[in-house]
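**Student:** Residue numbers (the numbering used here), protein chains in the order written: chain Y, 206 to 551; chain X, 206 to 551.
There are 2 protein chains.
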Amino acid sequence: MRIALDAMGGDNAPEQTVKGAVNYLCQWPDENVKVILVGHEDVLRAEIEKYSFDEARINIVHVPKVVAMNDKPARIVKTKRNSSLVRIVELMKNGEADGAVSAGNTGALLSASLFLLDRIPGVRRPAICPLIPSAHGGFLLCDAGANVDVRARDLVQFALMARANSIHIFNQPRPRIGLLNIGTEVGKGNELTMRAHDLFVTHVDNFVGNVEARDVFAGVADVVICDGFVGNTMLKVVEGMVLHVAGWAQDKLKQHPVSKLALSLILRPALKEMARELNYEEHGGSPLLGINGILVVCHGTSNAKAIMNALRTATRCVNENLIASIQKGIKAHMDIFEEQNAFTAK
Amino acid sequence: MRIALDAMGGDNAPEQTVKGAVNYLCQWPDENVKVILVGHEDVLRAEIEKYSFDEARINIVHVPKVVAMNDKPARIVKTKRNSSLVRIVELMKNGEADGAVSAGNTGALLSASLFLLDRIPGVRRPAICPLIPSAHGGFLLCDAGANVDVRARDLVQFALMARANSIHIFNQPRPRIGLLNIGTEVGKGNELTMRAHDLFVTHVDNFVGNVEARDVFAGVADVVICDGFVGNTMLKVVEGMVLHVAGWAQDKLKQHPVSKLALSLILRPALKEMARELNYEEHGGSPLLGINGILVVCHGTSNAKAIMNALRTATRCVNENLIASIQKGIKAHMDIFEEQNAFTAK
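(1) Run down chain Y in chain order and give the residues with a C-beta less than 9 Å from the C-beta of residue 434(X).
(2) Chain Y partners of residue 539(X), CB-CB under 7 Å?
(3) On a CA-only basis, which of 525(Y), 381(Y), 487(Y), 337(Y) is nearest residue 508(Y)? Give me that one, please.
(4) Between residue 423(Y) and chain X, is any beta-carbon pair separated by less than 8 Å?
(5) Which of the three DSSP states, helix, strand or coil, is assigned to residue 230(X)?
(6) Just grab the DSSP bridge partners of residue 412(X) for me.
(7) Distance check for residue 349(X) and residue 440(X), CA to CA, integer angstroms please.
(8) State the DSSP-derived secondary structure class of residue 257(Y), mapped to helix, strand or coil.
(9) Let me see if you follow: with CB-CB separation under 8 Å, is residue 419(X) close to chain Y or not?
(10) Could you check what DSSP says for residue 354(Y) in three-state terms: helix, strand or coil?
(11) Considering only C-alpha positions, which residue in the set 309(X), 418(X), 399(X) is nearest to residue 215(X)?
(12) Answer yes or no: does any C-beta atom of chain X fall closer than 8 Å to that of residue 441(Y)?
(13) Measure the alpha-carbon distance for residue 424(Y) versus residue 254(Y) and round it to whole angstroms.
(14) Tell me the DSSP secondary structure of residue 496(X) in three-state form.
(15) Sort out for me which residues DSSP pairs residue 270(Y) with in a bridge.
(16) Taking Cβ-Cβ distances shorter than 8 Å, what residues in chain X pair up with residue 449(Y)?
(17) Of the residues that make up the stretch 328-357 of chain Y, which ones have a beta carbon closer than 8 Å to any beta carbon in chain X?
(18) Just verifying my parser: in three-state terms, what is the DSSP assignment at residue 344(X)?
(19) When Cβ atoms are compared, which residues of the stretch 499-526 of chain X fall closer than 7 Å to chain Y?
(20) Anything in chain B within Cβ reach of residue 444(X), meaning under 7 Å, just list it in chain order.
(21) With DSSP as the reference, identify every bridge partner of residue 318(X), one or two as the case may be.
(22) Thinking just about the alpha-carbon of each residue, which of 294(Y), 366(Y), 285(Y) is nearest to the one in residue 538(Y)?
(23) Please report the distance separating the alpha-carbon of residue 402(Y) from that of residue 208(X).
(24) Mind pulling the chain Y residues with CB within less than 8 Å of residue 456(X)?
(25) Please report how far the alpha carbon of residue 300(X) lies from the alpha carbon of residue 242(X), in whole angstroms.
(26) Given a threshold of 16 other Cβ atoms within 10 Å of its Cβ, counted over all protein chains shown, does residue 529(X) qualify as buried or as exposed?
(27) Identify, in the order they occur along the chain, each residue of the same chain with its Cβ nearer than 7 Å to the Cβ of residue 382(Y), setting aside the five sequence neighbours on each side.
(28) Just by C-beta distance, which residues in the stretch 298-332 of chain X are closer than 7 Å to chain Y?
(29) Cα separation between residue 504(X) and residue 510(X)?
(30) If you count every other CB in all the chains shown that lies within 10 Å of the CB of residue 318(X), and 16 or more means buried, which is it?
(31) For residue 360(Y), I'd like the list of residues in its chain whose CB is within less than 6 Å of its CB, leaving aside the five on either flank, ordered along the chain.
(32) Output yes if chain Y places a C-beta closer than 8 Å to the C-beta of residue 438(X); else output no.
(33) For the stretch 236-251 of chain X and the stretch 216-228 of chain X, state whether three or more C-beta atom pairs, one from each stretch, are separated by less than 8 Å.
(34) Residue 519(X) to residue 542(Y), Cα distance in whole Å?
(35) Could you tell me which of 521(Y), 526(Y), 497(Y), 533(Y) sits nearest to residue 332(Y), measuring between CA atoms?
(36) If I measure Cβ to Cβ from residue 313(X) and keep anything under 7 Å in the same chain, skipping five residues before and after, which residues do I get?
Below, the structure is given as structure tokens:
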């Protein structure tokens, strides 16, 4: 098992990416699991020297270039072929890596993987599917931002792909799939969700119907399906609320006529822990579902822990043969994806 | 000033609606401000008897019927003409009330007001625009759920209407208007938001550009514009998160090796206060923007405080002549709304 890591990708590279890789190897003592660090060799060597671990489990692949967050994704394979982001995808394409991880530009990762690896047969659009933590173990949200304008059949594909991903994550043979909507009753929603609801009834196993955003934290579904605009907005509301509520709570408690010291001893650690648990970014990133290869994307702000968890996610997806599971799921419902003009009609 | 209250509307009617009306009158000692309680006379008389206040400031209008949450909105004026929900709108239509408040079925209120009061000239779709509280004073969210499939020009109308509403709420001559999007850069988003961005630049005063859901709680805009599906989802994420975070925090703190008593004395009140402040439902409901009359809709779960605040909102909207302000705003930009096929094109 060889996982390629874009060691130069993300706001905290290469310090946190290399640290994450080292931690991953130390906590996963299987000698057959190796990490390929992709980036500038001198820089990476300097980082590696900070740690003591089994260096035989790390390979370095040197590339001179880095993809920036503002690089245009569409032409990234042409303009930055010699970058860490493109190279990790190439390593998979060439059979030199079994999976890959990056905290770089998500659009560029999508573009490079579509160009070099292509989609799993039958898949129209790859989707992002992070785990949103909650007190009830969390749920997968798909699509969380890869596709902003979609059709009802795309939502069915997202459900089939996210389902394959969720079976192992939740260790449940039949995860509950919900369709995010603004009412639970049948017939609620916009054109997209109304059409999707009908298709889900026929094509999605254990479909629990429409679910509302207020209920997803209470554990009404294991997988929540929506378009990428709504999903990304939801992710960002959660992100904003966590920061906001934690900050507000501290301000409120400071005003209370009780020793500030006591509060900082009891409360701040508890709030910090909660903010950390609610922070989906630390929960291992998301495989780009639908791409014909295991490419796990993480938030640009990923720290060492997030990178370590993403490497674990990649390892798990390879071990569980996620690609084959998705392929099987899509194949079983090809009738709706293959219909004539299936994708020109809604 | 006469505000008609749907005394039978909402989960907690008539106890909380009547209590809310009484509290409103007691806290607003202007004799010229009166409340018309609409509902079953016997029931309402029994509720009123619980309180001691200037009964001359309340009129009762008897109607036998109540609109249920599962009544079909479209035909409500035909099927339930003799209901409290329809009657408050009729009182406005007949000039017997200056404004109205209801915690009843929002779809039915929309339908009844469109049928009986019609829209302000030039308005295509009425929108809902509640205040979302935050540590920075909050922001108006429009549309929060009245319109699930909209066009870019509709978003411009929402912005113009919400702007008129916000000027008085925030006491700012030029409130900052943001377009909710999944990236702040120009060119980000789905087809709808990309088109809308271009129109906003030309037609919306003090447009601060795209705003992301993670930043709206930090006060980046006074008014946040989106379609009703996204807005309603956002509202519900906030609702769900507040409950979830408060519950989770309490669980976490219980585990801490410090006296539970101390925690319950310090923390629970602080968390409760915060949950209350974050609870948009208590913040006075939302006028149905674009309807040719002041109709304030509240959440179905409204308590007496929410009803009292909604009566205040209605009074404020009448005093400030919100209808005229909206009309002026729409009129100044009629060029884009009047273009041939304006509403068949995007």
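Where is the CB? At the ideal position from N, CA and C, for every residue including glycine.
**Tutor:** Looking at the atomic coordinates:
(1) Scanning chain Y for C-beta atoms nearer than 9 Å to the C-beta of residue 434(X) yields 386, 387, 394, 395, 397, 398, 435, reported in chain order.
(2) The premise fails here: residue 539(X) is roughly 27 Å from chain Y at the closest Cβ pair, so nothing lies under 7 Å.
(3) 487(Y)
(4) yes
(5) helix
(6) 382(X)
(7) Straight-line Cα distance between these residues: approximately 7 Å.
(8) coil
(9) yes
(10) coil
(11) 309(X)
(12) At least one chain X Cβ lies under 8 Å of residue 441(Y).
(13) 44 Å
(14) Residue state, collapsed to three classes: strand.
(15) 288(Y)
(16) 339, 340, 422, 423
(17) 339, 340, 350, 353, 354
(18) strand
(19) none
(20) Looking at the structure shown, chain B is missing, and the protein chains on hand are Y and X.
(21) Per DSSP, none; premise fails for residue 318(X).
(22) Here the closest residue by C-alpha is 366(Y).
(23) 41 Å
(24) 340
(25) 16 Å
(26) Around the beta carbon of residue 529(X), fewer than 16 other beta carbons sit within 10 angstroms, so the residue counts as exposed.
(27) Its chain contains 364, 368, 409, 411, 412, 413, 426, 428, 430 as the residues whose beta carbon lies nearer than 7 Å to that of residue 382(Y), once the 5 sequence neighbours on both sides are disregarded; these appear in chain order.
(28) For the stretch 298-332 of chain X, no residue has a beta-carbon sitting nearer than 7 Å to a beta-carbon of chain Y.
(29) 12 Å
(30) Of the residues assessed, residue 318(X) falls on the buried side of the cut-off, its CB having 16 or more other CB atoms within 10 angstroms.
(31) 401, 430
(32) yes
(33) yes
(34) 51 Å
(35) Ranking 521(Y), 526(Y), 497(Y), 533(Y) by Cα distance to residue 332(Y) puts 497(Y) first.
(36) The beta carbon of residue 313(X) lies closer than 7 Å to those of 272, 276, 278, 281, 290 in the same chain, with the five residues before and after it left out.
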